[in-house]
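Down below is the structure, laid out as structure tokens.
Residue numbers (the UniProt record's numbering): 1 to 63.
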């Protein structure tokens with residue numbers, strides 16, 4: 001049985017994903033970071049065995 005993820009997605013916890021964010025497969029690219037991008041981003045992965053997620057907190061300092 002293949003245990004590699006067959007479905008992956010990114011979402012922003014408790015807020016909408018900024019429009020300048022690009023999701024490409026398992027990659028999340030946030031260009032031109034600013035303080036409004038602060039927050040928790042979640043990667044969700046699933047396959048025939050089950051599903052899992054990991055949360056990543058982003059803090060932007062400065063301008």
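We put the beta carbon where it would ideally sit given N, CA and C, even for glycine.
Here the structure is a predicted model, which means the values were calculated and not measured.
The shortest C-alpha to C-alpha distance from residue 7 to any of 56, 59, 51, 22 is the one to 51. Within the same chain, Cβ atoms closer than 6 Å to the Cβ of residue 9 are found at 44, the five residues on either side in sequence being excluded. Between residue 29 and residue 60, the gap from beta carbon to beta carbon reaches 9 Å or more.
Setting aside the 5 residues that flank it on each side, residue 17 is surrounded in the same chain by 11, each with a C-beta closer than 7 Å to its C-beta; the list follows chain order. Residue 36 sits in a helix when the DSSP states are folded into three classes.
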